[in-house]
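Scroll down for the structure; my scribbles are underneath it.
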Amino acid sequence: MHASSAAPAADLHLSDDDLRFLAKIVHQASGIVIRDNKSAMTRGRLVRRVKALGLNSLADYMALLRGPALDREMPELLNAVTTNHTSFFRERHHFDQLANETLPALLARNPQRLRIWSAACSSGEEPYSIAAILHRALRAHPSCDARILATDLDTEIVARASAAEYADDVIARAPPDLKPLLGTVPSGRAGHQVINPALRKLVTCRQLNLLEPWPFQGPFDVIFCRNVMIYFDPPTKRTLVDRFADMLASHGTLFIGHSESLGPSHARLRIAGRTAYTLIGRHDA
47 MHASSAAPAA
57 DLHLSDDDLR
67 FLAKIVHQAS
77 GIVIRDNKSA
87 MTRGRLVRRV
97 KALGLNSLAD
107 YMALLRGPAL
117 DREMPELLNA
127 VTTNHTSFFR
137 ERHHFDQLAN
147 ETLPALLARN
157 PQRLRIWSAA
167 CSSGEEPYSI
177 AAILHRALRA
187 HPSCDARILA
197 TDLDTEIVAR
207 ASAAEYADDV
217 IARAPPDLKP
227 LLGTVPSGRA
237 GHQVINPALR
247 KLVTCRQLNL
257 LEPWPFQGPF
267 DVIFCRNVMI
277 YFDPPTKRTL
287 VDRFADMLAS
297 HGTLFIGHSE
307 SLGPSHARLR
317 IAGRTAYTLI
327 GRHDA
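All letters in the sequence shown, in the order written, are residues 47 to 331 by the working numbering.
And the structure:
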C-alpha cells in the first residue's frame, strides 16, 4: 500500500486551560463571552487561522497567542470568533417603526443634520436597509444632511459591507415590498448585485471595537445595536447601554435585538416600541 500524500488534518484538541485562556483574552479585548457550551463551535472557527498560519494544531495556535505575537494576531482572532448573521430588513418591525414613526417625527423638526449609527453592521445588510428607508423619507427633505455610520468589530466583514455587493439569493430573501428600495443592479461578478449608489453615499463603514473609546462625539438621532449584547456579560452590557444613552440626541431612539432586553427598567431609557427605547425626559420641541 502507498502512503497517502494528503496533508494531515489539524489537531483540534484544546486543554481546559487553553479554553479558559482563550475566553479570557477574547472577553478582555471585545466583551464577547465564550460560554462552555460553545467550545466545540469555537474550536471549529479557529481552524482557519491554524491553516492560514501553517500550524499543525490548535495547541500550536494557543502557544502563539500566549507569546509576543498576541497583539498582531488579535484582530484575526476576533474575526474568527465573531458571529455574523444578518439579512436585509431583518426584524421587519424595526424598519416599519423607522419608516412610519421614527423618521417622520425626526424630519417634522426640519433638521439640517440627521445621524444614524448601525453599531454592529456585519456585512452591511442592516445599514443599507436603513439607508433604503431613509432615502425614501428624504425625498421630501432634500436639504437635510443625513448620514449613516456603520461599524463592526470584524475587519473582514466591514470590508464586505463597504463593497456593498451581495449574492442574488441574499437579495432575493428581502421582503418583496421593500426589496425595490435597495435599487440593486448586477455587479461585474456573475450571480451578484450591488446596492444603489445613492444609498451607498449615505453609508460610511468603519471598523470599531465597542469596548474601546469611540472616535466621535455624536449625537445620533437613531442607534441600531441589535443581536450583539447577547454575547456580553451583564456588566459589559450595562456599560454599553449607558454609553449609547450618552450618544443619543434628546429625541433619539435606540433599537436592540428581538431577543435582548434592558430589563424591567433602565435609569435613562424608556420603552418606545418593540425592543426600541428613547431617553427618559425626551422632548420633541
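Just so you know, even glycine gets a beta-carbon here, dropped at the ideal spot from N, CA and C.
query: L308 in three-state terms, based on DSSP; result: coil
query: Anticipated Cβ contact below 8 Å, L123 with D200, distance rounded; result: With a Cβ gap of about 11 Å, L123 and D200 do not count as contacting.
query: Assigned secondary structure, T321 (DSSP; H/G/I helix, E/B strand, else coil); result: coil
query: Integer-rounded CB distance, given that T324 should sit under 8 Å from G298; result: 7 Å
query: Contacting residues, own chain, Cβ-Cβ under 6 Å from L195 (five flanking each side not counted); result: W163, T250
query: Q239 burial status per 10 Å Cβ neighbour count (16 or more: buried); result: buried
query: Rounded straight-line distance, which links the Cα of E211 to that of P157; result: 31 Å
query: Spatial distance of P261 from A166 (CA atoms); result: 16 Å
query: Own chain partners of L111 with C-beta closer than 6 Å, once the 5 adjacent residues on each side are dropped; result: none
query: Whole-angstrom distance between K97 and G319, CA atom to CA atom; result: 46 Å
query: DSSP bridge partner residues for W163 (one or two, in chain order); result: L195, I269
query: 3-residue-minimum beta strand (DSSP E) runs that sit fully inside the segment 71 to 132, ordered along the chain; result: none
query: Pairwise C-alpha distance: A291 and R316; result: 11 Å
query: V274 in three-state terms, based on DSSP; result: coil
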